[in-house]
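Using my numbering, the letters of the sequence shown correspond one by one to residues 15 to 272. Below: one structure, written as structure tokens.
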Amino acid sequence: MKIVTLDGDTLPVPPTQPAWCSDWQFRTDTAEDEIVTALKGATIAITNKVPLRAATLAQLPDLRYICVTATGYDCIDIAACKERGIVVSNIPGYSTQSVSEGVIAFIFALRRQIVEYANSTRHSWPESSHFCLHRAPIQDIAGATLGIVGKGDIGSAVGRLAQALGMRVLYAERKDSSRIRDGYVSFDAMLASSDIISLHCPLSEQTRHLIDRETLEKMKPQALLINTARGGLIHEAQLADALRNGTLARCSAGRSQQ
15 MKIVTLDGDT LPVPPTQPAW CSDWQFRTDT AEDEIVTALK GATIAITNKV PLRAATLAQL
75 PDLRYICVTA TGYDCIDIAA CKERGIVVSN IPGYSTQSVS EGVIAFIFAL RRQIVEYANS
135 TRHSWPESSH FCLHRAPIQD IAGATLGIVG KGDIGSAVGR LAQALGMRVL YAERKDSSRI
195 RDGYVSFDAM LASSDIISLH CPLSEQTRHL IDRETLEKMK PQALLINTAR GGLIHEAQLA
255 DALRNGTLAR CSAGRSQQ
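Next up, the structure:
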């Protein structure tokens, strides 16, 4: 059986060759025009970010299983895999703690102006005649409202950490849904009520550009937007316009479409 790792350099620890694998190929990276050649005759493909689309899968008749070494799997054409009988798995819980803690770090950095004041301490504060600086407003974390889009492992973990800090947490129902599930509020109510909005939903045709000009205009004028999910959830050009014209105060994006 042939197993190919397509982008091993993206993994902190390389996968171990199973004893039953007779042909083990570990590639540090694979360009798009190299995918078919690399996977020729392979039964299993291991990928983190290398995409496997319908046109590529059609040229790989031996492929039976794709292991995505990440939580998000939008790099895989799931419909094409289903048609061809290819099993796909991901790792939904591998980064739950680190990503959720990262979101809380973003909230502190943005609401407490940590970077701004760190820079000021090094440069402007020593020159101040009264040793006081008030260069940017500082906002408390406790009492703020956090809107979360996506109540999976990571979104739920962010909610628990936020509640421990005294934040009010709102989980958004799916956009345009006619039914509001227990424990959720409508998408528009979340937009209007939240001081911070954090995205934790998968990227799909339904969620692509979930955050666009229309949704940005429904947010509070000083709201913060945090995206640690997928860049495609946000219409980046319209986000840039909102930041420039003051519709949105700040954005912290751990993901980009670029």
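For each residue, glycine too, the CB sits at the ideal point set by N, CA and C.
8 Å contact criterion, which residue i and residue j should meet: CB distance rounded
i      : j      : result
His214 : His249 : Incorrect: roughly 18 Å between the Cβ atoms, too far for contact.
Val18  : Leu74  : About 10 Å; that fails the 8 Å criterion.
Arg264 : Leu124 : 5 Å
Ala45  : Leu20  : Actually they do not touch by this definition, with Cβ atoms about 10 Å apart.
Thr61  : Val82  : 6 Å
Thr159 : Ser200 : 15 Å between Cβ atoms; not a contact.
Arg41  : Gly22  : 6 Å
Beta-carbon proximity of residue i to residue j, cut-off 8 Å
i      : j      : result
Cys95  : Leu71  : yes
Tyr185 : Ile162 : yes
Leu217 : Ala237 : no
Ala156 : Leu179 : yes
Val113 : Thr242 : yes
Val183 : Gly173 : yes
Met233 : Leu205 : yes
Lys63  : Thr24  : yes
Arg78  : Ile100 : yes
Phe120 : Ile240 : yes
Thr57  : Asp76  : yes
Beta-ladder partner(s) of residue i, from DSSP
i      : result
Ala132 : Looking at the DSSP assignment, Ala132 forms no beta bridge with any residue, so it has no partner.
Leu160 : Val183, Ile210
Val18  : Gln39, Ala59
Arg264 : Leu238
Val102 : Ile80
Val199 : Ala186
Top-ranked residue by Cα proximity to residue i, from the options
i      : options                      : result
Ile49  : Leu66, Ala84, Phe40, Asp88   : Leu66
Ile90  : Glu219, Ala68, Arg182        : Ala68
Ala256 : Ile240, Leu230, Leu239       : Leu230
Asp154 : Gln220, Glu219, Gln127       : Gln127
Pro235 : Asp37, Glu219, Thr51, Gly260 : Gly260
Arg98  : Gly169, Ala84, Ile80         : Ile80
The beta strand (DSSP E) enclosing residue i, as first and last residue numbers
i     : result
Gln39 : 37-40
Unbroken alpha helix (DSSP H) run spanning residue i, endpoints
i      : result
Lys96  : 92-98
Val50  : 49-53
Ile118 : 110-125
Ala176 : 167-178
Gln73  : Premise fails: Gln73 is in no alpha helix (DSSP H) and is neither H nor E.
Thr221 : Per DSSP, Thr221 belongs to no alpha helix (DSSP H) and is neither H nor E.
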